Amino acid sequence: MNKTELVNTIAEKTGITKIITKNITDAFIKTVIESLKQGEKVTLVGFGTFSVVERNPRNGVNPRTGEKIYIPGKKVAKFKISAELSNL
Numbered sequence: 070m071n072k073t074e075l076v077n078t079i080a081e082k083t084g085i086t087k088i089i090t091k092n093i094t095d096a097f098i099k100t101v102i103e104s105l106k107q108g109e110k111v112t113l114v115g116f117g118t119f120s121v122v123e124r125n126p127r128n129g130v131n132p133r134t135g136e137k138i139y140i141p142g143k144k145v146a147k148f149k150i151s152a153e154l155s156n157l
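Using my numbering, the letters of the sequence shown map in sequence onto residues 70 to 157.
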């Protein structure tokens, strides 16, 4: 399911127009992104938790050339599903 299909499905189930549903969906996504940028967790009970984790720098190998390369550390978004969702 892509974003358009999600918006269409939510609009059908709620009776809200697609434009309003798209605006709500966009606001939700922006809010989650802003919270993660501030280092906050976003927990949706029964669905899961979005968080940010720090990846350590490491050495790697370029698979094309075999050359050793340095991979710097970075922050990445992580999603952990809830117990309810994991029992599908």
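In this text, a Cβ means the ideal position worked out from N, Cα and C, and glycines have one as well. From a predicted model like this one, the values you see are computed outputs, not experimental measurements.
C-beta contact flag for residue i and residue j at 9 Å
i: GLY117; j: LYS149; result: yes
i: VAL111; j: VAL145; result: no
i: GLY108; j: GLU153; result: no
i: ALA39; j: LYS87; result: In this structure the chain extends from 70 to 157, so residue 39 is not present and cannot be described.
i: VAL76; j: THR94; result: yes
i: THR78; j: MET70; result: yes
i: PRO126; j: GLY142; result: yes
Identity of the residues DSSP links to residue i by a beta bridge
i: VAL130; result: LYS137
i: VAL121; result: ALA146
i: THR73; result: THR73 pairs with nothing; no bridge assigned.
i: LEU113; result: GLY117
Residue i burial status per 10 Å Cβ neighbour count (16 or more: buried)
i: THR90; result: buried
As assigned by DSSP and simplified to three states, the class of residue i
i: THR78; result: helix
i: ILE98; result: helix
i: LEU105; result: helix
i: THR90; result: helix
i: SER155; result: helix
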